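For reference, the structure is listed below as structure tokens.
Chains as they are written, first to last, in this note's numbering: chain L, 19 to 859; chain Y, 71 to 295.
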């Protein structure tokens, strides 16, 4: 049988190259989608873990501040704990490189004397003296030096907050050699210099602890926690990576789910291709069965062919996925850096694990797609297989049962979601999956409905549309695959459009000031990126200033998670308009804020189960403080959660400090853009970013678009697969209905007429795919907007369907279906009338 | 009277995959005048069906000439040949070749759809033909529900819908039992005569051939004198 398999595959390849290529392309695109997302997901986590490994090396535990920073006096206390062999203090902050847009250094201030012995990296021979004595000495990675064109000895102007400093490239240290995925922006300098030039004396961010030999880590961790008494937390490197993984979980899951839809659509192509191949080879299978082949052998033969098809698709899909991942590194990396404040992706790597995943996905997907037709073929007895297929063959009318199965699947998914809601977050995806399963199963019924449309008057496009139901098996698979892709496209488009509409409305409601001031390093350095007092003083002198809103911000552990806590002036006149409360009176909420309460963002409220009246437990340097929650406000800035307190409360929790942001309210009629220019000129010696309300709004929306760049790529890949499905199915139809086409030719139909019939069939598939996809998309949009977003990201979105974009997409889909029909239509139109004499019907 | 179709020294050769040359027809000549019924008989492989395909213009001779309604088919482009067939030739096949997704009446109407004829008038004609063959009650039925003889009667109505000048029938009773075959042949010849169509039909049956005005016998591609 094995020898027969090889010959059969070779023959099949020769006989139907176009079908094979299309099916392989479908698998390749599906595998490419899944693989690209997995590469990006793993690279994102690898970047964080790599940086941990490159810096902390063999550190067993890390002591971290609840609010991101520590008092360096904790070092002595940590060293005094039994079982601690060594403790290395680290100062860390992301400094902006002046004059280079979006360029930054992940600065690490370390005790270089200790690091020389214990760190996994080494300074060049004789470099230690220079590092300790030369002002601004910093070691950068060779990769960054090459990218920026830096050489040893070059001066680098940097800033942290509004404070500027000049660093000097002292050495090139290849931290990526220690951990290939570690950030190339890591830069190491002496801790004392870092504190003096850019930070604050006495303030560090991390203590790496090395345990003495033979000491139990769990016990040491417990002893350290007891000694620190809640002033800091103690984590293993694995726990730190797991924490980052948790932060990215929803983002990663969403992309993975979207990529799996492409794989599902690819599976349809395999199904259609195998089905067509088996229909063509019934007689061959009948002969095999008649001469003694068992059902199992026939099943194995068909599945082995499908597995080979899957392997070919995987071979093409792996480089495709790799290229797609590379093309999207910048967008995903930007999202991870800006929204999740984690390390950006440095390099995409394709390890053996991911290759195995791709092979398993491609081969298993192809075999799964072939399973149905393969089982059908193996179940038929030899007599049935050998019976010639004629025009009299009965059209299987199983459309009613299929539709019922789809509706049952949808009902089951809805029931599962209702049962699991609140207990298992991915139940939202079960509901989405139910929609995606129901949509293609409705395709046969929809096509039969189309066949009932008015009687066409000519053999042409309309006739092609109306007679689509004649071979339901082929046309329904194509329409179903297209419907799934359209449902995904429409659902995600509505979700993104609604999200964008909600963000715009939110910006309109809350972005009230005329001019906003922050620093180039603020987005990632937060509490370390402060505005100097002289900057604040200059802002106060702005002509026409009616209100100056100052904001302090810190990343802090609260309610069991890392949140962004901001301190603002609760007494600012009209300040209640800065937040949009989900419920309640904003003025009363501000009054409560001044009294020491907190407002929590919607995502935090959902994830931590907070509501007005409950208490938010914030871990500051002085331990835990429970703040009363005065209200819940709308926020799309961070899915991790955010909270607002009055500046006085903030100072009570974290001590006095400078603000990181300022907002200027100008007198009515004042020219904000002119004020921006004036302030930029006046503060040119400081590293500040000054934007008008309009500019900031534009930047926020640009960031929003960047977040959805990958989503758009996945949508496009799904549609390309579906278009390939239309071509494949029409080619199958052209082949299966060769006899019918020959009959039309014998009865006098011209080639253009047959071309039009097939164009009509393509458009018919497009119409059914579009109609079902629109219905599925509407359902999917509701699931994404009303269920997935609140469950995973915590924010509620108002439905704002972008009708213009959806209309454009509908036209594009019909055009794609028509374009996908051109080649099959050309093939069909070339059918000679003489084919009829071969009794091929 | 001008013949409807004329064969002049027609030869048709096929090349096999192995390179050998098969001669289906060898220098066949003859003509079918308007309204005349001609039967073509001969053993399997004698070239009977090939002759019909050449008459319909769906195959082309290797040498010689086929003239349909005064127009040499070889000189016509595919489009013209197709139109000539559509407008003046009716075809009946051994295996009926009805479209399973269409009703009885819609199957009869297919030539009108192909030609773009006004459908209302064509439907009236289709009903009349179905009545003639005794299937008016089955007009709305699916064709799969019909017996073989009924299917061939539907195919006959389809062939005659547009009043062809030439009716070509390739073993129209070859797939039917004797009784059904008799009935189909009665209808075919009767309708053709009523419509004034010339008929060229292929058959193995001497009895059926005897009912024609003229019979041609083919033997290994040659027309016997």
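Think of the CB as a built atom: it goes at the ideal place given N, C-alpha and C, for glycine as much as any other residue. These numbers come from a predicted model, not from an experiment.
{"Item": "Is residue 108 of chain Y closer than 8 Å to residue 254 of chain Y when the C-beta atoms are compared?", "Value": "no"}
{"Item": "At a CB distance below 9 Å, what residues from the segment 183-194 of chain Y approach chain L? Give them in sequence order.", "Value": "183, 184, 185, 186, 187, 188 and 189"}
{"Item": "Do residue 127 of chain L and residue 281 of chain L count as a contact pair if the criterion is CB distance below 8 Å?", "Value": "no"}
{"Item": "Using a Cβ distance threshold of 8 Å, determine whether the segment 504-519 of chain L contacts the segment 743-754 of chain L, with at least three qualifying pairs required.", "Value": "no"}
{"Item": "Short of 7 Å in beta carbon distance, which residues of its chain neighbour residue 809 of chain L, apart from the five on each side in sequence? Order them along the chain.", "Value": "443 and 446"}
{"Item": "Could you pull the DSSP bridge partners for residue 656 of chain L from this structure?", "Value": "Bridge partners of residue 656 of chain L: none, in fact."}
{"Item": "Classify residue 281 of chain Y as helix, strand or coil using the three-state DSSP reduction.", "Value": "coil"}
{"Item": "Residue 543 of chain L to residue 515 of chain L, Cα distance in whole Å?", "Value": "31 Å"}
{"Item": "Just to confirm before moving on: does the CB-CB distance between residue 258 of chain Y and residue 226 of chain Y stay below 8 Å?", "Value": "yes"}
{"Item": "With a cut-off of 8 Å on the beta carbons, I'd call residue 321 of chain L and residue 392 of chain L a contact; round off their distance for me.", "Value": "5 Å"}
{"Item": "Can you have a look at residue 220 of chain Y and say buried or exposed, based on whether 16 or more other CB atoms are within 10 angstroms of its CB?", "Value": "buried"}
{"Item": "By Cβ distance, which residues of its chain are closer than 7 Å to residue 576 of chain L, with the 5 residues on each side in sequence left out?", "Value": "583, 634, 635, 636, 637 and 661"}
{"Item": "Output, in sequence order along the chain, the residues in the segment 463-479 of chain L whose CB is closer than 8 Å to any CB in chain Y.", "Value": "469, 473, 474, 475, 476 and 477"}
{"Item": "When you measure from the CB of residue 204 of chain Y to every non-hydrogen atom of the ligand GDP, does any distance come out below 7 Å?", "Value": "Absent from the structure shown: the ligand GDP. Ligands present: none."}
{"Item": "Please state if the CB of residue 185 of chain L and the CB of residue 220 of chain L are separated by a distance shorter than 8 Å.", "Value": "no"}
{"Item": "Could you tell me which of L:172, L:187 and L:177 sits nearest to residue 149 of chain L, measuring between CA atoms?", "Value": "L:187"}
{"Item": "Looking only at its chain, what residues have a beta carbon closer than 7 Å to the beta carbon of residue 395 of chain L, apart from the 5 residues adjacent to it on each side?", "Value": "296, 303, 316 and 320"}
{"Item": "What are the residues that DSSP puts in a beta bridge with residue 256 of chain Y?", "Value": "Looking at the DSSP assignment, residue 256 of chain Y forms no beta bridge with any residue, so it has no partner."}
{"Item": "From residue 113 of chain Y to residue 288 of chain Y, what does the alpha carbon distance come to, in whole angstroms?", "Value": "8 Å"}
{"Item": "DSSP on residue 724 of chain L, reduced to helix/strand/coil?", "Value": "helix"}
{"Item": "Measuring only the C-alpha atoms, how far is residue 57 of chain L from residue 351 of chain L?", "Value": "12 Å"}
{"Item": "Within 10 angstroms of the Cβ of residue 339 of chain L, are there 16 or more other Cβ atoms? Answer buried if so, exposed if not.", "Value": "buried"}
{"Item": "Classify residue 436 of chain L: buried if its beta carbon has 16 or more other beta carbons within 10 angstroms, exposed otherwise.", "Value": "exposed"}
{"Item": "Looking at residue 473 of chain L: is its Cβ nearer than 8 Å to the Cβ of residue 487 of chain L?", "Value": "no"}
{"Item": "Quick one: measure Cβ to Cβ for residue 227 of chain L and residue 92 of chain L, integer angstroms, because I've assumed they're closer than 8 Å.", "Value": "No, residue 227 of chain L and residue 92 of chain L are not in contact; Cβ-Cβ is about 11 Å, not under 8 Å."}
{"Item": "Should residue 231 of chain L be labelled buried (16 or more other beta-carbon atoms within 10 Å of its own) or exposed?", "Value": "exposed"}
{"Item": "Report the start-end ranges of each beta strand (DSSP E) in the segment 778-859 of chain L that is 3 residues or longer and not cut off at the edges.", "Value": "none"}
{"Item": "In three-state terms, what does DSSP make of residue 664 of chain L?", "Value": "strand"}
{"Item": "Using a C-beta cutoff of 8 Å, does residue 368 of chain L count as contacting chain Y?", "Value": "no"}
{"Item": "Between residue 655 of chain L and chain Y, is there a C-beta pair that is closer than 8 Å?", "Value": "no"}
{"Item": "I'd like the ranges of any alpha helix (DSSP H) spanning at least 4 consecutive residues and lying wholly in the segment 543-609 of chain L.", "Value": "551-558"}
{"Item": "Please go through the segment 263-344 of chain L and give each complete alpha helix (DSSP H) segment of 4 or more residues, from N-terminal end onward.", "Value": "300-308"}
{"Item": "Suppose you measure from the CA of residue 119 of chain L to the CA of residue 716 of chain L; what does that come to, to the nearest Å?", "Value": "17 Å"}
{"Item": "Compare the C-beta of residue 153 of chain Y with all C-beta atoms of chain L and state if any pair is closer than 8 Å.", "Value": "yes"}
{"Item": "Leaving out five residues before and five after residue 95 of chain L in sequence, what residues of the same chain have Cβ atoms less than 8 Å from its Cβ?", "Value": "245 and 246"}
{"Item": "Just curious, the alpha helix (DSSP H) that residue 214 of chain L is in, first and last residue?", "Value": "209-215"}
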